[in-house]
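Residue numbers (the numbering used here): -7 to 894. What follows is a short report on a single structure.
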């Protein structure tokens, strides 16, 4: 096997290089212009570089819209490869504390700290004809200087772990104190470096002549590595204190070559210990060969100790070691986007690039469309254990022009297509009858022609928006049952986000039947409510189950809400036998329906401060919405002046119960679970805030209203105070401020102006509860700790978050993930709503934190350089917007309690 043959499996990329060249070792390097042709992102490394004095450039990915940039490399399926990225940190990167991720396809293998020059190397078995090496924005802009791919023919690295990526921790040439060894000495271009300083009494030995090896294979180091070694009369010890601070599985491959030709079998016998645990008794010459290697698996957390101890009374010579490799075992994430969707979305990109060459959104599209992070504007769902499909394509507000990409119609699992607020022209492409599209938004463009029959006839289509296309035909297809032809006020640039809606049925008659059925349901509910509560018709009409403020953009959804009799409620609850909670509305009982489903039955108390309005409000709202992170309403009962609501039983109680509730209900939640709960609740609130074009404000977000089902999926509950957000023409003022002490938005309290940002403030308090495990108000604590918000703020602003973290989760979280959550919480509790993020932004930040927590443990070792041995004591400046001095004192501390506490 020759170096020339091996070089055919080499890919060597110098990022931002001016041209292709061959170095002194015979390796041909190419530029990365075929992947990223824009050299405006290239930076010179102006400070001294330790590991490569011959190269001083880096490509910095600073696209504000992107989160993932990938180099697509050709590979051969089922072949082993070594891949290595070199990240040289310039002055600009080094001044910004943070990290970015590195992945091979969907498998995260490292986080790179921006202050260090870093090499990241992994060994993997290719699963396809191409492999993506991706940089993932976590906190700072990613950058890269070199990328190398090496084909490992007949490798034995992955024999025991074929479904893993082996991430290199150390590759040590024991006994060598000279320069590193790599290609052409190592035909596979592994880089062998000198190791830790030898222990007292250890001595270096070497052979000046090459020693033949009897049973060599590809994993064998080069002879130049093996012909140096360390030995000791009694004990050799090698320590590494820089392993990942979380438990991980590792391989250590230890290489032995007997350099003393006079040693016989049985004369050099020693025991191998890993972290003080004896793993093997070993004799190099056992079996007749002068070379041997040992592969041992172990689990470690931060520390690795390899000890070779002479077997007492049975060995003439002390232990010897020539080389070793420490490899972290990372499970190979074989998930990928279905190939059909990969091909189609690549064609969509190609069509768009024809007239949108410099578009930032399209520049960020690289690598697998869905994994490990989806492309900007793409939403994906799994269809099996290994494949994801694209279900939503959102290209709105991306400054795109030219014709609509016809290939987008070929995404067979696409449910939502939004191309609004661009400058698309020409006609709408034809859609295949197999399309699963349920929502299409074409508004605010310059489209021509008319709606094609193929689009209007799609079997699942419920929403179609096309407003503000001045050259668009107003003639609707025959099977559209209702069309509002008023274009409204679009503005000079057509920038209005208002849209024109169509309610579509498969045929006109079918739509009529649906409408008739809905009407019948409303009439029945109206009559039942009037009989039960004696309400006047004028009062009832604004509290119908389907409360429709406007027919524009509306979609009727068939949500089954069951009407229970009082007898059936009493049977289900065994006459209210098991009380599981108390609230402002009344008592909550556990029950079981005849079909076996467990339910929570909320019965309004005769002394409740909440009445018919709250009951109707919750019934109206939950009759029209469904989301996996909102508690669904199963049914209701209005009989004998009783008002009862029935929900699925949430077997894991509320978030409040789990954090600091009664001892019987309390159960420590680890940090990943808390983060998952927060993310789910944020998604539920985001759905409310973006529901059907009319924002719904919860108005009572708190930890007791976040419930946990059997799988710990969080669901927002209790919508009795929920309201539609004020729109233009509304007063925007609610004279009844609703909420709970400790969670109440101070701006809402003082001005009575309600907005979605009021929910954001409350959610920020919930995030602080999740982090600290403390209740929002507790007057039994010292005076400066009564309010969770006021107590936590100084610690966060002084970068001392370890002092507010719940002691029960210390040692169990990643600092970067925790910081992201804390920074989101701090932004949420800004006194003025204009400075708070929206829920959609909060979801994105929490998603990033969740990804870091679950997939990127590696980066913690780089953070140690800032905080010493304590992984949590890191300095991190908090940059806050300049906030005006409030004119009103905070109600949290200055008032005993807000109106209507619950």
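A virtual CB, placed ideally from N, CA and C, is assigned to each residue, including glycine.
Exercise. Going along the chain, which unbroken runs of the beta strand (DSSP E) with 3 or more residues stay wholly within the segment 211 to 264?
Worked result: 220 to 223, 227 to 232, 240 to 249
Exercise. For residue 474, which of helix, strand or coil comes out of DSSP?
Worked result: Confidence in residue 474 is poor, its pLDDT being 37 and thus under 50, which makes the residue's placement too unreliable to answer from.
For this session: From the DSSP output, in three-state form, read off residue 820 for me.
Result: helix
Problem set entry | CA-to-CA distance, residue 610 to residue 127, given in whole angstroms | 45 Å
For this session: On the DSSP bridge assignment, give the partners of residue 184 in chain order.
Result: 173
For this session: If I'm right that residue 296 touches residue 264 with Cβ under 8 Å, what's the distance once you round it to whole angstroms?
Result: With 8 Å as the limit, residue 296 and residue 264 do not qualify as a contact, their Cβ atoms being about 13 Å apart.
For this session: Please check the pair residue 221 and residue 251, which I expect to be a contact at CB under 8 Å, by giving their CB distance rounded to whole angstroms.
Result: 6 Å
Problem set entry | Paired residues, beta bridge with residue 3 - DSSP | 141
Problem set entry | Cα-Cα separation between residue 750 and residue 391, rounded to whole angstroms | 32 Å
Exercise. Under three-state DSSP, which class holds residue 562?
Worked result: helix
Exercise. So which of 225, 764, 172 has the shortest CA-CA distance to residue 194?
Worked result: 225
Exercise. Mind checking whether residue 580 and residue 594 have CB atoms under 9 Å apart?
Worked result: yes
Exercise. What three-state label does DSSP hand residue 25 in the structure shown?
Worked result: coil
Exercise. Under 9 Å, do residue 707 and residue 642 count as touching if we go by C-beta distance?
Worked result: yes
Exercise. Is residue 292 near residue 278, with beta carbons less than 9 Å apart?
Worked result: no
For this session: Check whether the Cβ atoms of residue 404 and residue 332 sit closer than 9 Å, and answer yes or no.
Result: yes
Exercise. According to the neighbour-count rule (16 or more other Cβ atoms, all chains shown, within 10 Å of its Cβ), is residue 557 buried or exposed?
Worked result: exposed
Exercise. If you draw a straight line from the C-alpha of residue 58 to the C-alpha of residue 578, how long is it?
Worked result: 48 Å
Problem set entry | Assigned secondary structure, residue 315 (DSSP; H/G/I helix, E/B strand, else coil) | strand
Exercise. Would a C-beta distance cut-off of 9 Å place residue 217 and residue 314 closer than the cut-off?
Worked result: yes
Exercise. Roughly how far, in whole angstroms, is the beta-carbon of residue 81 from the beta-carbon of residue 54, given that I think they are within contact range, below 8 Å?
Worked result: In fact, because the Cβ distance is near 15 Å, the residues do not count as touching under 8 Å.
Exercise. Is the beta carbon of residue 288 sitting closer than 9 Å to the one on residue 306?
Worked result: no
For this session: Return helix, strand or coil for residue 689, following the three-state DSSP convention.
Result: strand
Exercise. Which first and last residues belong to the alpha helix (DSSP H) in which residue 583 is found?
Worked result: Not the alpha helix (DSSP H): residue 583 falls in the beta strand (DSSP E), residues 578 to 584.
For this session: Could you pull out every residue in the same chain whose Cβ sits closer than 7 Å to the Cβ of residue 694, ignoring the five residues on either side in sequence?
Result: 732, 735, 754, 758
Problem set entry | Residue closest to residue 219, alpha-carbon to alpha-carbon, out of 282, 443, 48 | 282
Exercise. Taking buried to mean at least 16 other C-beta atoms within 10 Å of its own C-beta, is residue 635 buried or exposed?
Worked result: buried
For this session: Alpha carbon to alpha carbon, how far is residue 132 from residue 246? Give it in angstroms, no decimals.
Result: 37 Å
Exercise. Between 354, 162, 118, 227, which lies nearest to residue 299 when the distance is taken from Cα to Cα?
Worked result: 227
Problem set entry | Meets three-Cβ-pair contact criterion under 8 Å: the segment 150 to 162 and the segment 114 to 123 | yes
Problem set entry | Closest residue to residue 76 among 145, 31, 181 (Cα-Cα distance) | 181
Exercise. According to the Cβ coordinates, are residue 813 and residue 841 closer than 9 Å?
Worked result: yes
For this session: Determine contact between the segment 781 to 795 and the segment 642 to 653, defined as no fewer than three beta-carbon pairs at a distance below 8 Å.
Result: no
Problem set entry | Whole-Å CB distance - residue 831 paired with residue 681, under 8 Å assumed | 5 Å
Problem set entry | CB-CB length for residue 423 against residue 447, believed under 8 Å | 5 Å
For this session: Alpha carbon to alpha carbon, how far is residue 146 from residue 205? Give it in angstroms, no decimals.
Result: 18 Å
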